[in-house]
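Visitor:
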Amino acid sequence: MKQLHDLASASARAKSVPDNKYLAIFESLPQPVMVLDKKQKIDSINQAGLRMFKISKGDGLPPWLAEGVNSSVVSKEPVSEFLAKVNGEKDALYFNVKISRALENSGQHEGIILIFNDITEHKQAEDCAKYACEELNQIVNYTIDGIRVVDMNFNIIRVTESFIELSGMSRDQAVGKKCYEVFPGSLCHTPNCPLLRVRNGEERVKCDVEKVCKNGEKIPCNVTATPFWTAKGRKIGIVENFRDITERKRVEDELRNSHQKLLNIIEFLPDATFVIDKDKKVIAWNRAIEQMTGKRKEEIIGKGDYLYAVPFYGEQRPILIDLVISRDEQVEKQYDFVRQRGITLFTEFFVPSLFDGKGAYLWGNASPLYDADGNLVGAIESIRDITEQKEAEKALRLSEERFAKAFNGNPIPMTISTLDNGCLLDVNESFIQTTGYSRQEVIGCTTTNLSIWLDSKDRAQFMQMLREQGTVRNWESTFKIKSGEARVGLFSSDLIELNGTKYIVHLHIITYTIMVCFFIIKQPNLFIPPQQNAKILANCLGGFLL
């Protein structure tokens, strides 16, 4: 304002002193300057004003200037200022116009002096800042998360629309209240209060906590508290952000329940089962494997470094489950075999240390575990004690060997055939010698194809008896050998069932003719009617019949 007083005095003095130096000063000022007469017409304007406004001495005030001047004149303040906007060729120009009364030497009012300070850049920056602030306010006010600002005494000074909706309280009900009176939670009035921790110097506090809204409903929230600073770096409050995590908690609970169900399934599987993560740490160890190894889950859950191998092998080493995560030929060589079916590896192995040193044959299979995106997250292995199965297989193998010896070494002709069509599956050496057929000629053929039964009615009757009784003993019938010779024999058969299919085991006794000859040679004067021969045979060879 002092500049206006000096300029007004200089103008008055310039009127009285021709070619006064103050005129030179007036013309050389960088900012536009105008002097108006009593009728508010331009009496003088310096070079900066001429260039800026394109107006001359004697012109009336342009509209953009007249309103501000008139208002200042009406106020009758000796010095005042107003904002003027000039529409330029490209953009608007803004001036802070300072106005003062020009005085004559006698001190009487002569006119008005206007000094124009160009504040266009400042105004543009101010407008940008204002726009940015308004935009930021809209963003913050309508963000999904609820936000409130409290001062250093925990008084609420601002809340967003989302906070109002989340808490169930209006803006008027919230602003001015203590933070713990609006949307309280379990951390209020405790050392863990996020606001208290930030006030005490922490830069950022984040936690999950249940908050209580106006109607008493509890809402799980993720709360973030940060300091609220002034432009000069002074902490004047705290910004608190509330994110409703109800849906997240619901999903977490569902996942937790689902995970627990899976653990329960694994826990009660009859097979010994354990699970490792991608870092090869045990995350599940069920009851069956506890019983098998004697190692409780508390001792091994969370452990890595191949500790799960120790109960089986007495040392920390890779086992089948590790091959699922990364194949290793050296590890595979430690097993008799490792086979793959799809993504599953399986093997059999004997562990002498199990069950107090008794040892056990085990069957194991291991598969990878993937997440929803197909990423490998671990592996699972199930182990089954197959000791009884192995012992049964061994017993069966020994039984088969004994049966094979008894079958092939038996002096009585024997055959094994199917029940349905009499297809021969096996014959012993005695049958080959008795009938004259080779093994290749009879295996796979039926007794009907070979015409072994002389009378088909005999076969039908025999099969009916076998189906009804399951066994036939010493049944006499006539059969043919390869040469076509007809012989009489005693047939004994039993039904056996293997894998759900029924088979016939036949015993064919030495022919009637040979036996008769035997008796005739020993007792040449003895006559035996043919119908008695079978009975004699039965009595003589009863020890060979089944």
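Per my numbering, the sequence shown runs over residues 930 to 1475.
For glycine and all other residues, C-beta sits at the position ideal for the given N, C-alpha and C.
Values in this document were obtained by computation on a predicted structure and should not be read as measured data.
1) Measure the CB-CB distance between I1085 and C1117 and report whether it falls below 7 Å.
2) Check the DSSP bridge columns for D1080 and list the partner residues they point to.
3) Go ahead and label T1400 buried or exposed: buried means 16 or more other beta carbons lie within 10 angstroms of its beta carbon, across all protein chains shown.
4) Mind listing, in chain order, the continuous beta strand (DSSP E) runs of no fewer than 3 residues lying wholly within the stretch 1274-1320?
5) Is the beta carbon of I1165 closer than 7 Å to that of F1157?
6) Check this for me: beta carbons of I1167 and L1124, under 7 Å apart or not?
7) Take L1383 and list the residues in its own chain whose beta-carbon comes closer than 7 Å to its own, dropping the five residues that flank it on each side.
8) Just grab the DSSP bridge partners of K1107 for me.
9) Does E1219 pass the burial test, meaning 16 or more other C-beta atoms within 10 Å, or should it be called exposed?
10) From the DSSP output, in three-state form, read off Y1366 for me.
11) Take N1350 and list the residues in its own chain whose beta-carbon comes closer than 7 Å to its own, dropping the five residues that flank it on each side.
12) For I1254, which of helix, strand or coil comes out of DSSP?
13) Relative to the ligand NAP, is the shortest distance from any of its heavy atoms to the C-beta of Y1242 smaller than 6 Å?
14) Check whether the stretch 1276-1293 and the stretch 1333-1353 are in contact - that is, three or more C-beta pairs closer than 8 Å.
15) Can you tell me whether DSSP reads M963 as helix, strand or coil?
16) May I have the straight-line CA-CA distance separating N1151 from I1309, to the nearest angstrom?
17) With the cut-off set at 7 Å, would you say T1027 and M1098 are in Cβ contact?
18) Could you check which residue in I1312, K1323 and T1316 has the C-alpha nearest to that of D1200?
19) Which residue comes first and which comes last in the beta strand (DSSP E) that contains F1112?
20) Would you list the one or two residues that DSSP bridges to M1098?
21) Pull up the DSSP beta-bridge partners for D1355, would you.
22) Who pairs with V998 in a beta bridge, going by DSSP?
23) State yes or no: is the C-beta of I1194 within less than 7 Å of the C-beta of V1211?
24) Hey, how far is the Cα of K1014 from the Cα of G978?
25) Reducing DSSP to helix, strand and coil, say where P1149 ends up.
26) Kindly indicate which residue of I1381, R1268, T1344 and E1169 has the alpha-carbon position closest to the one of W1292.
27) Taking L1095 and G1075 to be in contact with their CB atoms under 8 Å, please state how far apart those CB atoms are, rounded to whole angstroms.
28) Under the DSSP definition of a beta bridge, which residues are partnered with K1411?
29) In the DSSP assignment, what are the bridge partners of Y1237?
30) Between I1093 and R1087, is the Cβ-Cβ spacing less than 7 Å?
31) Excluding sequence positions up to five away, which residues of its chain have a Cβ less than 7 Å from the Cβ of E1010?
32) Between which two residues does the alpha helix (DSSP H) harbouring R1396 extend?
33) Among the residues of its own chain, which have a CB less than 6 Å from the CB of V1306, if the five just before and after it don't count?
34) Tell me the DSSP bridge mates of V1015?
35) Just verifying my parser: in three-state terms, what is the DSSP assignment at C1446?
36) What does DSSP give as the partner residues of I971 in its beta bridges?
Guide: If we stick to the structure as given:
1) Not closer than 7 Å, so no.
2) Partner(s): G1166.
3) Burial call: exposed.
4) As summarised for the stretch 1274-1320, the continuous beta strand (DSSP E) elements at least 3 residues long and confined to that stretch are 1289-1299 and 1305-1314, given in chain order.
5) Remark: C-beta atoms of F1157 and I1165 approach each other more closely than 7 Å.
6) Taking C-beta atoms as the reference points, I1167 and L1124 count as a pair closer than 7 Å.
7) The answer, listed in chain order, is T1407, F1408, K1409 and A1415.
8) The partner list for K1107 (beta bridge, DSSP) reads N1084.
9) Result: buried.
10) In the structure shown, Y1366 adopts coil according to DSSP, grouped into three states.
11) Correct list, in chain order: T1375.
12) Residue state, collapsed to three classes: helix.
13) This structure does not include the ligand NAP; it has no bound ligands of any sort.
14) No, the stretch 1276-1293 does not touch the stretch 1333-1353.
15) Secondary structure at M963: strand, using DSSP grouped into helix, strand and coil.
16) Distance between the alpha carbons of N1151 and I1309: 35 Å.
17) First, the amino acid is wrong: residue 1027 is Lys here, not Thr. Their beta carbons are not under 7 Å apart, which means K1027 does not touch M1098 by this criterion.
18) The candidate whose alpha carbon is nearest that of D1200 is I1312.
19) No beta strand (DSSP E) holds F1112; DSSP gives it neither H nor E.
20) Note: M1098 is not bridge-paired with any residue in the DSSP secondary-structure output.
21) Answer by DSSP bridge pairing, in chain order: I1345.
22) DSSP, once it has assigned bridges, lists no residue as partnering V998.
23) Contact flag unset, no.
24) For K1014 and G978, the distance between alpha carbons rounds to 15 Å.
25) Strand, per DSSP.
26) The shortest C-alpha separation from W1292 is found at R1268.
27) The pair is a contact, with the Cβ atoms about 4 Å apart (cut-off 8 Å).
28) Under DSSP, K1411 takes part in no beta bridge, so it has no partner.
29) Among the bridge pairs identified by DSSP, Y1237 is matched with none.
30) Not closer than 7 Å, so no.
31) Shown here for E1010: same chain residues with a beta carbon closer than 7 Å to its own, the five before and five after excluded, namely N1025, V1026, K1027 and I1028 in chain order.
32) Boundaries of the alpha helix (DSSP H) harbouring R1396: S1385 to Q1398, taken from the DSSP string.
33) If we look at V1306 and ignore the five residues flanking it on each side, its Cβ neighbours are K1207, L1298 and D1300.
34) Answer is L1022.
35) At C1446, the pLDDT of 30 sits below 50, so the modelled position is not reliable; the number obtained from the coordinates is stated separately. Reduced to three states, the DSSP call for C1446 is helix.
36) Residue pairing by DSSP places I971 opposite L965 in a beta bridge.
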